[in-house]
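Numbering (our numbering), first residue to last: 1141 to 1231.
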């Protein structure tokens, strides 16, 4: 498993963003897990999250001109990814 994937899973579990159980989704379907992105609530968690997404983009070899984060949870995610790219000199 790639280091960024392992880091993402560890972060999701540590932040309790990924929980296991029986969850009824908005669609009415039942799921054995639930992912709550709003559980990432500290600067350090957002920094790690941004780096994980950056590494996933780089690993896929994707070319892009910009990042888009749909409202509402996607906006801070795109911002965290942009900061992670800036840390590597790709502003």
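Each residue gets a CB set at the ideal place from its N, CA and C atoms; glycine is no exception.
Values in this document were obtained by computation on a predicted structure and should not be read as measured data.
Taking C-beta separations shorter than 6 Å and ignoring five residues to either side along the sequence, the partners of residue 1225 in its chain run 1194, following chain order. Excluding the 5 residues flanking it on each side, residue 1192 has same chain C-beta neighbours closer than 6 Å at 1144, 1147 and 1148, in chain order.
As a beta-bridge residue in DSSP terms, residue 1173 pairs with 1160. Put simply, of 1165, 1202, 1150 and 1178 the residue whose alpha carbon is nearest the alpha carbon of residue 1211 is 1178. Counting only residues of its own chain and dropping the five nearest sequence neighbours on each side, residue 1221 has a CB closer than 7 Å to the CB of 1190, 1193, 1194 and 1207.
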